[in-house]
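The structure appears right after this line, and notes come after that.
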Amino acid sequence: MTGSTRRRTGSGTGPVTRLLPGPLRVLVIGVLLVVVLAPVLYMVFASVNSDLSVAEGAFLPTSLDLGNYLRIWSTVELGRGLANSLLVAGTVAAGCAFVALGSAYVLVRYAFRGRLAILRGLLALQSIPGTLMLLPVFVLFASAAQLLGIPVIGTRWALFVTYLTFALPFSTWVMVTYLRGLPPELDEAARVDGASAWQVLTRVILPLSWPGLVVAGIFALLLGWNDVLFASVLTNPDSRTAAVALQVFGATQEGGAIPVYGQLMAAALVCAAPVVVLYLVFQRYLISGLTAGGVK
1 MTGSTRRRTG SGTGPVTRLL PGPLRVLVIG VLLVVVLAPV LYMVFASVNS
51 DLSVAEGAFL PTSLDLGNYL RIWSTVELGR GLANSLLVAG TVAAGCAFVA
101 LGSAYVLVRY AFRGRLAILR GLLALQSIPG TLMLLPVFVL FASAAQLLGI
151 PVIGTRWALF VTYLTFALPF STWVMVTYLR GLPPELDEAA RVDGASAWQV
201 LTRVILPLSW PGLVVAGIFA LLLGWNDVLF ASVLTNPDSR TAAVALQVFG
251 ATQEGGAIPV YGQLMAAALV CAAPVVVLYL VFQRYLISGL TAGGVK
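The sequence shown begins at 1 in full-length UniProt numbering and counts up one residue at a time.
In structure tokens:
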């Protein structure tokens, strides 16, 4: 095998075999970049282009109109939607990550009856489509509102409970996979020094689990940030998230002479920007958390 297709790593871990030769690999990567970046570039160009040019099918902007990024804050009501999305999705991400850490620690470090059934149940819950749960969740919240005498549907708390319920099984499984890579000797050494189970979790496991926590938290945040199905049913105009605000704004443009494509694309880019920044900031933690390498 030639040196271009087979190289040895500096750490001495053995040969690394490349599946594709150099020119073909460059070609495949180039095609994938075009497929991924073409829609993003179209959104960027359309956001600064005139609505008439976009409606005519122009890809490159014929005129530069940055006013779309200013008008969306009044026409789309994007400010309130982003605030609600940040509040709900951020709270769900933080709560889900730390609840998943405690649950995974018990499932990994302790042996008890039903432990295997719980682990299998975490995987089984991922196969249930959200559309099947929409009506039961709505009825459950409506019944809870009548029983407790407080409003539930239309509040941010309804979204928080819903997203936490759907994100927690996957986040817990992510943390279970990650904690399995942490040697049990760390717990034993801490217990020898007199640490309690809570101190082991907070002072030993937690500082070493940030990569897994980031993965679990970002998954929960994306679930709340991108959701339209539950947010469109469980919110009102005051608690509406950014995704629903975009959907409502796009629906109101149907049937018009020329839809405001520029504002739609500008609003979509503004909504996507926080998630992109989040990935860039926590990229290192995401890679180590997904590989579940644990501690060397």
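Note that CB positions come from ideal geometry on N, CA and C, so glycine has one too. Source: prediction; values computed, not measured.
By the 10 Å Cβ neighbour count, where 16 or more other Cβ atoms means buried, how is residue i classified, buried or exposed?
{"i": "Arg-8", "result": "Confidence at Arg-8 is low in this model, with a pLDDT of 44, below 50, so its placement is unreliable and no value can be given for it."}
{"i": "Phe-112", "result": "exposed"}
{"i": "Asp-51", "result": "buried"}
{"i": "Ile-205", "result": "buried"}
{"i": "Ile-72", "result": "buried"}
{"i": "Tyr-279", "result": "exposed"}
{"i": "Gly-194", "result": "exposed"}
{"i": "Asp-139", "result": "Correcting the residue identity first, residue 139 is Val in this sequence and not Asp. That one is exposed."}
{"i": "Ala-55", "result": "exposed"}
{"i": "Gly-262", "result": "buried"}
{"i": "Leu-201", "result": "buried"}
{"i": "Val-35", "result": "exposed"}
{"i": "Val-277", "result": "exposed"}
{"i": "Leu-264", "result": "buried"}
{"i": "residue 304", "result": "Residue coverage of the chain in this structure runs from 1 to 296, which leaves residue 304 outside it and unanswerable."}
{"i": "Val-31", "result": "exposed"}
{"i": "Ala-252", "result": "Residue identity check: residue 252 is Thr in the sequence provided, not Ala. Thr-252 is exposed by the Cβ-count criterion."}
{"i": "Ala-142", "result": "exposed"}
What residue range does the alpha helix (DSSP H) around residue i cover?
{"i": "Glu-56", "result": "No alpha helix (DSSP H) contains Glu-56, which DSSP labels as neither H nor E."}
{"i": "Glu-77", "result": "Premise fails: Glu-77 is in no alpha helix (DSSP H) and is neither H nor E."}
{"i": "residue 343", "result": "Residue 343 lies beyond the range of the chain shown here (1 to 296); nothing can be said about it."}
{"i": "Thr-241", "result": "Element bounds for Thr-241: n/a, residue is neither H nor E."}
{"i": "Ala-117", "result": "115–125"}
{"i": "Pro-129", "result": "No alpha helix (DSSP H) holds Pro-129; DSSP gives it neither H nor E."}
{"i": "Leu-37", "result": "22–47"}
{"i": "Pro-274", "result": "261–281"}
{"i": "Asp-65", "result": "Run containing Asp-65: none; DSSP gives neither H nor E here."}
{"i": "Tyr-191", "result": "Note that residue 191 is Arg in the sequence shown, not Tyr. Run containing Arg-191: 185–192, per the alpha helix (DSSP H) assignment."}
{"i": "Ala-197", "result": "197–200"}
Spell out the partners DSSP gives residue i in its beta bridges.
{"i": "Thr-235", "result": "Gly-154"}
Please name the residue in the options whose C-alpha comes closest to that of residue i.
{"i": "residue 297", "options": "Ala-220, Leu-33, Val-76", "result": "Since the displayed the chain opens at 1 and closes at 296, residue 297 lies outside it and no answer follows."}
{"i": "Leu-66", "options": "Asn-84, Ala-267, Ser-171", "result": "Ala-267"}
{"i": "Tyr-285", "options": "Gly-217, Val-99, Ile-128", "result": "Gly-217"}
{"i": "Ala-242", "options": "Asn-84, Leu-132, Ala-46, Leu-135", "result": "Asn-84"}
{"i": "Arg-109", "options": "Val-161, Gly-79, Met-175, Glu-56", "result": "Met-175"}
{"i": "Leu-132", "options": "Ser-53, Leu-229, Trp-225", "result": "Leu-229"}
{"i": "Phe-166", "options": "Val-106, Ile-72, Gly-95, Val-152", "result": "Gly-95"}
{"i": "Thr-235", "options": "Leu-70, Arg-80, Arg-18", "result": "Arg-80"}
{"i": "Leu-213", "options": "Ala-195, Arg-191, Tyr-105", "result": "Tyr-105"}
{"i": "Leu-223", "options": "Pro-169, Ile-150, Val-28", "result": "Pro-169"}
{"i": "Ser-63", "options": "Thr-252, Val-48, Pro-207", "result": "Val-48"}
{"i": "Leu-61", "options": "Tyr-69, Val-44, Glu-77", "result": "Looking at the sequence provided, one finds Pro at residue 61 rather than Leu. The candidate whose alpha carbon is nearest that of Pro-61 is Val-44."}
{"i": "Ala-273", "options": "Leu-116, Gln-247, Leu-82", "result": "Leu-82"}
{"i": "Phe-98", "options": "Val-244, Leu-24, Trp-210", "result": "Trp-210"}
{"i": "Arg-180", "options": "Leu-208, Trp-157, Gly-154", "result": "Leu-208"}
{"i": "Ser-232", "options": "Pro-39, Arg-156, Pro-23", "result": "Arg-156"}
{"i": "Ser-103", "options": "Leu-122, Leu-86, Thr-91, Gly-90", "result": "Leu-122"}
{"i": "Val-270", "options": "Leu-86, Leu-24, Phe-59", "result": "Leu-86"}
{"i": "Val-244", "options": "Leu-125, Pro-184, Ala-190, Leu-78", "result": "Leu-78"}
Pull up the CB-CB distance for residue i and residue j, whole angstroms please, since I reckon it's below 8 Å.
{"i": "Asp-227", "j": "Tyr-178", "result": "Wrong, their Cβ atoms sit about 25 Å apart, outside the cutoff."}
{"i": "Leu-75", "j": "Phe-282", "result": "Leu is not the amino acid found at residue 75; the sequence shown has Thr there. The pair is not a contact, with the Cβ atoms about 32 Å apart (cut-off 8 Å)."}
{"i": "Leu-119", "j": "Leu-101", "result": "Leu-119 to Leu-101, Cβ: 16 Å. No contact."}
{"i": "Trp-225", "j": "Val-275", "result": "6 Å"}
{"i": "Val-88", "j": "Leu-159", "result": "5 Å"}
{"i": "Leu-20", "j": "Val-28", "result": "7 Å"}
{"i": "Ala-145", "j": "Val-152", "result": "4 Å"}
{"i": "Ser-239", "j": "Gly-154", "result": "6 Å"}
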